[in-house]
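In my numbering, the protein residues as written are 128 to 456.
Every residue gets a Cβ at the ideal spot worked out from N, C-alpha and C, and that includes glycine.
Take a look at the structure set out below.
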């Protein structure tokens with residue numbers, strides 16, 4: 128069985144963009160692949176975090192994954208916390224010593240985040256090397272990812288090729304899995320930008336934890352345009368296209384079917400339909416989420432995932448350690 132790996136940062140409440148770009152893909156593929164689903168808390172501290180909030184967010188993220196359909200009872204599903212497996216950091220250091228600095232600083236996410244904060248840390252620079260370690264430790268063939276993270280997967284592919292050429296066949300070269308619909312859900316107030324967990328605008332993002340009233344208010348206030356025509360054109364009509372994408376992702380329709388459904392109608396009709404499908408889905412997620420937190424089963428799930436991830440990672444790291452000349456033979 129081929130392996131699939133993905134993670135979502137515990138840096139705040141999860142958005143519908145996180146669901147479409149990551150969680151839904153795990154649910155769709157979990158019966159087909161051996162799945163490694165982890166909470167990358169080491170990545171989270173590349174920007175300042177409140178420790179108590181980070182602890183909570185880790186557990187809450189796991190509960191929400193499961194509420195959204197991830198099945199922890201599958202024998203091929205392994206859920207764990209990144210920092211509980213030290214091989215991630217060990218392999219990341221080796222990758223840092225094999226990655227030109229320019230390869231890291233030209234990453235789109237680094238440029239965007241560093242532009243906002245002149246006093247960024249080195250962890251923000253080397254973030255892609257740690258992400259490569261997350262992937263390559265497990266010989267993951269597939270990595271579900273949004274468009275914004277595709278460049279980081281490409282770096283992991285390049286590192287795998289570089290090591291395989293220099294040291295022999297050590298790593299599986301991973302392939303990104305980008306969803307056909309919902310790869311990039313956009314900001315509701317500024318559809319030129321990606322929807323973000325860390326937005327300062329309370330109307331910009333729909334969170335999986337939002338209640339019915341908040342969901343409807345955010346969608347009804349979403350920015351569109353003055354054209355009045357419902358067509359899918361991300362370049363010229365990003366706001367309307369974003370609403371069509373959200374509707375399609377949560378209703379199961381294709382973009383073409385969604386356009387046909389609302390063609391000739393007004394933006395208000397489209398917004399009401401988007402709000403309705405979101406309320407139906409997110410309310411169900413929230414009910415399951417609360418039951419999972421109350422069940423007290425998350426620690427047991429994480430313990431099993433940690434132990435298995437360490438077993439697999441230790442075997443791969445030992446191969447790499449010997450290949451690069453570390454320690455005793």
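Just mark residue i as buried or exposed, buried being the case when its beta carbon has 16 or more other beta carbons within 10 Å.
| i | result |
| --- | --- |
| residue 358 | exposed |
| residue 195 | buried |
| residue 340 | exposed |
| residue 137 | buried |
| residue 224 | exposed |
| residue 191 | buried |
| residue 462 | Any answer about residue 462 is impossible in this case: the structure gives the chain only from 128 up to 456. |
| residue 418 | exposed |
| residue 453 | exposed |
| residue 367 | buried |
| residue 392 | exposed |
| residue 322 | buried |
| residue 134 | buried |
| residue 229 | exposed |
| residue 202 | exposed |
| residue 430 | exposed |
| residue 145 | buried |
| residue 414 | exposed |
| residue 168 | buried |
Residue range of the beta strand (DSSP E) that residue i falls in?
| i | result |
| --- | --- |
| residue 134 | 130-134 |
| residue 302 | 302-304 |
| residue 162 | 161-166 |
| residue 204 | 204-208 |
By the DSSP assignment, the alpha helix (DSSP H) with residue i in it spans what residues?
| i | result |
| --- | --- |
| residue 269 | First-last for residue 269: 269-271, but that is the beta strand (DSSP E), not the alpha helix (DSSP H). |
| residue 412 | 394-422 |
| residue 347 | 339-347 |
| residue 294 | 277-294 |
| residue 215 | 214-223 |
| residue 366 | 365-378 |
| residue 447 | 425-451 |
| residue 191 | 178-194 |
Could you tell me which of the options sits nearest to residue i, measuring between CA atoms?
| i | options | result |
| --- | --- | --- |
| residue 305 | 271, 334, 228, 331 | 271 |
| residue 259 | 232, 274, 287, 252 | 287 |
| residue 404 | 416, 385, 419, 390 | 385 |
| residue 200 | 455, 217, 432 | 432 |
| residue 351 | 398, 321, 312 | 398 |
| residue 283 | 396, 257, 275, 274 | 257 |
| residue 274 | 261, 144, 205, 311 | 311 |
| residue 411 | 335, 434, 180, 262 | 335 |
| residue 213 | 446, 436, 455 | 436 |
| residue 141 | 324, 169, 158 | 324 |
| residue 158 | 183, 178, 128, 168 | 128 |
| residue 318 | 299, 280, 362, 252 | 362 |
| residue 281 | 298, 296, 297, 255 | 255 |
Under the assumption that residue i contacts residue j (Cβ atoms under 8 Å), give the Cβ distance between them as a whole number of angstroms.
| i | j | result |
| --- | --- | --- |
| residue 294 | residue 450 | 4 Å |
| residue 132 | residue 267 | 4 Å |
| residue 406 | residue 373 | Not a contact, Cβ separation roughly 12 Å. |
| residue 382 | residue 370 | Between residue 370 and residue 382 the Cβ distance is about 11 Å, and since that is not below 8 Å, they are no contact. |
I'd like to check one pair, residue j with residue i: are the Cβ atoms closer than 8 Å?
| i | j | result |
| --- | --- | --- |
| residue 473 | residue 188 | The question about residue 473 has no answer here: the residues shown for the chain are numbered 128 through 456. |
| residue 156 | residue 130 | no |
| residue 215 | residue 264 | yes |
| residue 208 | residue 185 | yes |
| residue 153 | residue 197 | yes |
| residue 342 | residue 409 | yes |
| residue 262 | residue 301 | yes |
| residue 320 | residue 327 | no |
| residue 291 | residue 444 | no |
| residue 181 | residue 171 | yes |
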